[in-house]
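One structure is given here, and the rest of the page talks about it.
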Amino acid sequence: MNKSNAKVVTGVVRLSYANVWEPRSINGSNPKYSVSIIIPKSDKETLARINQAVDAAITEGVGKFGGKIPPKGSLKLPLRDGDVERDDEAYKNSYYINANSITAPEVVDAHVQPILERSEIYSGVYARVSISFYAFNSNGNRGIAAGLGNIQKIKDGEHLGGHASATEDFESDSSHSADSHSAGSNATGSHSAVDTTASSRSVNDRSVDDDSDSFLD
Numbered sequence: 002m003n004k005s006n007a008k009v010v011t012g013v014v015r016l017s018y019a020n021v022w023e024p025r026s027i028n029g030s031n032p033k034y035s036v037s038i039i040i041p042k043s044d045k046e047t048l049a050r051i052n053q054a055v056d057a058a059i060t061e062g063v064g065k066f067g068g069k070i071p072p073k074g075s076l077k078l079p080l081r082d083g084d085v086e087r088d089d090e091a092y093k094n095s096y097y098i099n100a101n102s103i104t105a106p107e108v109v110d111a112h113v114q115p116i117l118e119r120s121e122i123y124s125g126v127y128a129r130v131s132i133s134f135y136a137f138n139s140n141g142n143r144g145i146a147a148g149l150g151n152i153q154k155i156k157d158g159e160h161l162g163g164h165a166s167a168t169e170d171f172e173s174d175s176s177h178s179a180d181s182h183s184a185g186s187n188a189t190g191s192h193s194a195v196d197t198t199a200s201s202r203s204v205n206d207r208s209v210d211d212d213s214d215s216f217l218d
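See the structure below:
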């Protein structure tokens, strides 16, 4: 099987606007899985490989451009400057790529074992991501888009978008815990159920708006 030069596996990046468990439709568009991939400007190796892959995608997709390779500067490119285009602390000193796919990404841990718990992947987590770049030419827009491949979680990070973890919300307090236990022992059964939606809410704590080639414009 031929391996495309337009595919990259990143170094350690940070995920934002993570929508990786369920496809999401924006304004009636085809539902897609999507994520904004934040790449530190200090990661020269990943950035170099991305630029090489984009060049390869231009060459491989020359048919989209009428059989002639256009000047790179005339195309909409996937690698964006967070310091210029985003007023967001999480994007400072970083580039970013918005990647999406109609196919669900495989999500694994550092040992390449499947992650099934949705709360493990959220906006703010650190990961490695496989990305495939491809040419597009639609409605007068020409460029290179980023297809979301698979995700490998490397480590936890601070939640983006203001979401706090349970540990942060419920700091250990022995006296309060004792009072709560006493009160709980007299509660009716209807109050013993736990709202399980909170743990999964972080997955979509930042929603995205995407089109055929990018989102968060």
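Each residue of the sequence shown is one higher than the one before, starting from 2 at the first, in our numbering. Glycine included, each C-beta is placed from N, C-alpha and C at the ideal position. What you are looking at is a predicted structure, and each value in this text was computed from that prediction instead of being measured.
Once you ignore the five residues that flank residue i on each side, which residues in its own chain have a CB closer than 7 Å to its CB?
i: Ala199; result: With a pLDDT of only 34 at Ala199, under 50, the local geometry of the prediction cannot be trusted, and the value read off the model is given with reservation. Excluding residues within five positions, none has a Cβ falling inside 7 Å.
i: Ile70; result: Ile59, Thr60 and Val63
i: Ser17; result: Ser37, Ile39, Ala91, Ser124, Leu161 and Arg207
i: Glu159; result: Gly125
i: Ser26; result: Pro32
i: Ser176; result: Its pLDDT being 45, under 50, Ser176 is placed unreliably in this model, and the value from its coordinates should be taken loosely. If we look at Ser176 and ignore the five residues flanking it on each side, it has no Cβ neighbours.
i: Asn28; result: none
Answer yes or no: do residue i and residue j have a C-beta to C-beta separation smaller than 9 Å?
i: Ala49; j: Lys8; result: no
i: Tyr92; j: Val13; result: no
i: Ile152; j: Pro106; result: yes
i: Ala19; j: Ile122; result: yes
i: Gly148; j: Leu76; result: no
i: Lys65; j: Phe137; result: yes
In the DSSP assignment, the alpha helix (DSSP H) including residue i goes from what residue to what residue?
i: Glu118; result: It is not in any alpha helix (DSSP H) - Glu118 carries neither H nor E in the DSSP assignment.
i: Lys73; result: Neither: Lys73 is in no alpha helix (DSSP H) and is coded neither H nor E.
i: Gly144; result: No alpha helix (DSSP H) contains Gly144, which is instead part of the beta strand (DSSP E) from Asn142 to Lys156.
i: Val55; result: Lys45 to Glu61
i: Val85; result: Gly83 to Glu86
Going by alpha carbons, who is nearest to residue i out of the options?
i: Thr104; options: Ser17, Thr11 and Trp22; result: Trp22
i: Pro79; options: Gly158, Lys156, Ser26 and Asn142; result: Asn142
i: Asp84; options: Tyr97, Arg15 and Val130; result: Tyr97
i: Ser35; options: Ser5, Val130 and Asn94; result: Val130
i: Ala57; options: Ala19, Asp88, Ser5 and Ser30; result: Ser5
i: Ala146; options: Ile152, Phe66, Ala100 and Pro72; result: Ala100
i: Gly150; options: Phe134, Asp157, Asp89 and Ser120; result: Phe134
i: Asp44; options: Arg119, Asn140 and Asn94; result: Asn94
i: Ser120; options: Asp88, Asp157 and Ile132; result: Asp157
i: Asn52; options: Ser26, Glu86, Arg81 and Asn31; result: Arg81
i: Pro32; options: Ser102, Asp88, Ser139 and Gly67; result: Ser102
i: Pro41; options: Glu86, Arg15, His112 and Glu159; result: Arg15
Between which two residues does the beta strand (DSSP E) carrying residue i extend?
i: Ile98; result: Ser95 to Ser102
i: Glu159; result: Looking at the DSSP string, Glu159 is not in any beta strand (DSSP E), and its letter there is neither H nor E.
i: Asn28; result: Unbroken run through Asn28: none, as it is neither H nor E.
i: Val9; result: Lys8 to Val10
Tell me which residues share the same chain as residue i and place their Cβ nearer than 6 Å to its Cβ, disregarding the 5 neighbours each side in the sequence.
i: Thr11; result: Thr47, Arg129 and Val130
i: Pro24; result: Pro32, Lys33 and Tyr34
i: Asp89; result: none
i: Asp110; result: Ile116 and Lys154
According to DSSP, what are the bridge partners of residue i?
i: Phe134; result: Ala147
i: Tyr34; result: Ser102
i: Leu80; result: None; Leu80 has no bridge partner.
i: Ser124; result: In the DSSP output, where bridge partners are listed per residue, Ser124 has none listed.
i: Ser139; result: Asn142
Which same chain residues, not among the five before or five after residue i, have their C-beta less than 8 Å away from its C-beta?
i: Ser183; result: Its pLDDT being 47, under 50, Ser183 is placed unreliably by the model, and nothing is read from it.
Is any non-hydrogen atom of the ligand NAD found closer than 8 Å to the C-beta of residue i, if you look at the structure I gave you?
i: Gly141; result: In the structure on display, the ligand NAD does not appear, and there are no ligands present to speak of.
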